[in-house]
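For the record, in the sequence shown the residue sitting at position 193 is 192 according to numbering that gives the first Met the number 0, with numbers rising by one throughout.
One structure is given here, and the rest of the page talks about it.
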Amino acid sequence: MSGFDDLLAEGAAVPTEGWDFSWFAGRATEQRPSWGYARLLAGRLAAAESVLDVQTGGGEVLAFALTSAGATPPVLAATEEWQPNVPIARRALAPFGGGVVEVAATADLPFPADRFDLVVSRHPVLTRWDEVRRVLRPGGTYLSQQVGSGSVRELTEFMMGSRQVSVHPDLGPYATTAGASPVAAVTSAEAAGLDVVDVRQEALRMEFHDIAAVVHFLRKVIWIVPDFTVPAYRGRLALLHDFIERHGPFVAHAQRFLIEARAGAAAS
Numbered sequence: 000m001s002g003f004d005d006l007l008a009e010g011a012a013v014p015t016e017g018w019d020f021s022w023f024a025g026r027a028t029e030q031r032p033s034w035g036y037a038r039l040l041a042g043r044l045a046a047a048e049s050v051l052d053v054q055t056g057g058g059e060v061l062a063f064a065l066t067s068a069g070a071t072p073p074v075l076a077a078t079e080e081w082q083p084n085v086p087i088a089r090r091a092l093a094p095f096g097g098g099v100v101e102v103a104a105t106a107d108l109p110f111p112a113d114r115f116d117l118v119v120s121r122h123p124v125l126t127r128w129d130e131v132r133r134v135l136r137p138g139g140t141y142l143s144q145q146v147g148s149g150s151v152r153e154l155t156e157f158m159m160g161s162r163q164v165s166v167h168p169d170l171g172p173y174a175t176t177a178g179a180s181p182v183a184a185v186t187s188a189e190a191a192g193l194d195v196v197d198v199r200q201e202a203l204r205m206e207f208h209d210i211a212a213v214v215h216f217l218r219k220v221i222w223i224v225p226d227f228t229v230p231a232y233r234g235r236l237a238l239l240h241d242f243i244e245r246h247g248p249f250v251a252h253a254q255r256f257l258i259e260a261r262a263g264a265a266a267s
């Protein structure tokens, strides 16, 4: 096989379960937000009594923050939509007494109202703001780092042209999807009865140093090119491989925003 074919095969063979990105070391880089989500989360966890992590992935970020906090809340729960991630998350959170429930992103949360004083979520596929409000205790906090509108647009547009995702069509004003703007998130949060107390946003430089990294990234982060397969996009991948070989890394920008909101009076 050619070097191009070897790299395609390598990128296609890497497992995609969980949210461990260590394979990308030396092959791709992404600038991190200045606010430090894991550090903020650790600070909130240290003072929390009941915590829910929505769409926890493989539980890696929550487990890291719990270790950093040096304290485990008496009640710790998580949800995850993608079935292959569920056993990974259960293993990661078991040492902290955390339970993981498999729940679709669009579904109601399987917990009673006013159950948690802290609900968190990193890069949710979809945010059910009405459900976040329902399960938060009065005075409770929602903290989330989200994927903003136009994230990695340079790669999306190179592969398939432009696209736009904002409000979920079936859930009206009470849900936003990955790719929503901070304005849409604030509007939906407030429509659900939450008080937004902090919003921050940044564009973060990404570099892809070989085509294997591009292939693995597109297999792992499926909303960048939703119908991606190596055979279907082989021609575009060949063009991008040639560009990287001749001109250096392909540069894109991840859009991230942090939103923090609080619950006021008891949910109806």
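We treat Cβ as the ideally placed atom computed from N, Cα and C, and that holds for glycine.
In angstroms, rounded to a whole number, what distance separates the CA positions of residue i and residue j?
i: valine 166; j: glutamate 130; result: Its pLDDT being 47, under 50, valine 166 is placed unreliably by the model, and the measurement read from it follows with that caveat. Whole-angstrom Cα-Cα distance: 16 Å.
i: alanine 190; j: isoleucine 258; result: 15 Å
i: phenylalanine 227; j: glycine 263; result: 43 Å
i: valine 13; j: glycine 178; result: 25 Å
i: phenylalanine 256; j: phenylalanine 242; result: 30 Å
i: alanine 104; j: arginine 245; result: 41 Å
i: threonine 175; j: phenylalanine 95; result: 30 Å
i: alanine 27; j: tryptophan 81; result: 25 Å
i: glycine 268; j: alanine 64; result: With the chain covering 0 to 267 only, the question about residue 268 has no answer from this structure.
i: serine 67; j: tyrosine 232; result: 41 Å
i: alanine 183; j: glycine 149; result: 14 Å
i: proline 248; j: glycine 192; result: 45 Å
i: alanine 37; j: alanine 8; result: 33 Å
i: glutamate 153; j: valine 102; result: 32 Å
i: leucine 170; j: lysine 219; result: 26 Å
i: histidine 208; j: proline 111; result: 47 Å
i: phenylalanine 20; j: glycine 35; result: 17 Å
Leaving aside the five residues before and after residue i along the sequence, list all residues of the same chain whose C-beta is less than 6 Å from its C-beta, in chain order.
i: tryptophan 18; result: Gly56, Gly57, Glu59
i: valine 74; result: Ser49
i: glutamine 163; result: Low per-residue confidence applies at glutamine 163: pLDDT is 48, beneath 50, and the placement is therefore not dependable, though the value from the model is reported in the following sentence. Correct list: empty, nothing qualifies.
i: alanine 188; result: Trp128, Val195, Ala260
i: histidine 122; result: Val146
i: arginine 235; result: Met158
Do residue j and residue i come within 8 Å of each other at the CB atom, strictly closer than that value?
i: proline 230; j: glutamine 200; result: no
i: leucine 113; j: arginine 89; result: Residue 113 is actually aspartate in this sequence, not leucine. No, these two residues do not count as a Cβ contact at 8 Å.
i: arginine 127; j: tyrosine 173; result: yes
i: leucine 203; j: glutamine 30; result: yes
i: glycine 139; j: aspartate 116; result: yes
i: methionine 205; j: valine 118; result: no
i: glutamine 254; j: glycine 147; result: yes
i: isoleucine 221; j: leucine 239; result: no
i: valine 214; j: glycine 10; result: yes
i: proline 86; j: alanine 47; result: no
i: glutamate 16; j: proline 83; result: yes
i: alanine 62; j: alanine 45; result: no
To which residues of the same chain is residue i closer than 7 Å at the C-beta, ignoring the five residues directly before and after it?
i: phenylalanine 23; result: Ala212
i: aspartate 5; result: none
i: serine 33; result: Glu201
i: leucine 40; result: Ala64, Val119, Leu142
Give the C-beta separation of residue i and residue j to the nearest angstrom, bearing in mind that I take them to be a contact with Cβ-Cβ under 8 Å.
i: valine 99; j: methionine 158; result: With 8 Å as the limit, valine 99 and methionine 158 do not qualify as a contact, their Cβ atoms being about 33 Å apart.
i: phenylalanine 3; j: alanine 237; result: 6 Å
i: aspartate 52; j: serine 143; result: No, aspartate 52 and serine 143 are not in contact; Cβ-Cβ is about 10 Å, not under 8 Å.
i: leucine 92; j: alanine 106; result: About 20 Å; that fails the 8 Å criterion.
Once the 5 residues before and after residue i are set aside, which same chain residues still bring their CB inside 8 Å of it?
i: valine 185; result: Val195, Val198, Ile258
i: threonine 124; result: A small correction: the amino acid at residue 124 is valine; threonine does not occupy that position in the sequence shown. Correct list, in chain order: Gln54, Glu80, Ala104, Thr176, Ala177, Trp222.
Kindly indicate the opening and closing residues of the alpha helix (DSSP H) around residue i.
i: proline 181; result: 181-190
i: aspartate 5; result: 2-12
i: glutamate 130; result: 128-134
i: glycine 98; result: Counting along the chain, glycine 98 falls outside any alpha helix (DSSP H), though it belongs to the beta strand (DSSP E) covering 98-101.
i: phenylalanine 157; result: 152-159
i: alanine 212; result: 210-219
Tell me the residue span of the beta strand (DSSP E) that contains residue i.
i: leucine 257; result: 249-262
i: tyrosine 36; result: Run containing tyrosine 36: none in the beta strand (DSSP E); it sits in the alpha helix (DSSP H), 36-46.
i: threonine 78; result: 74-79
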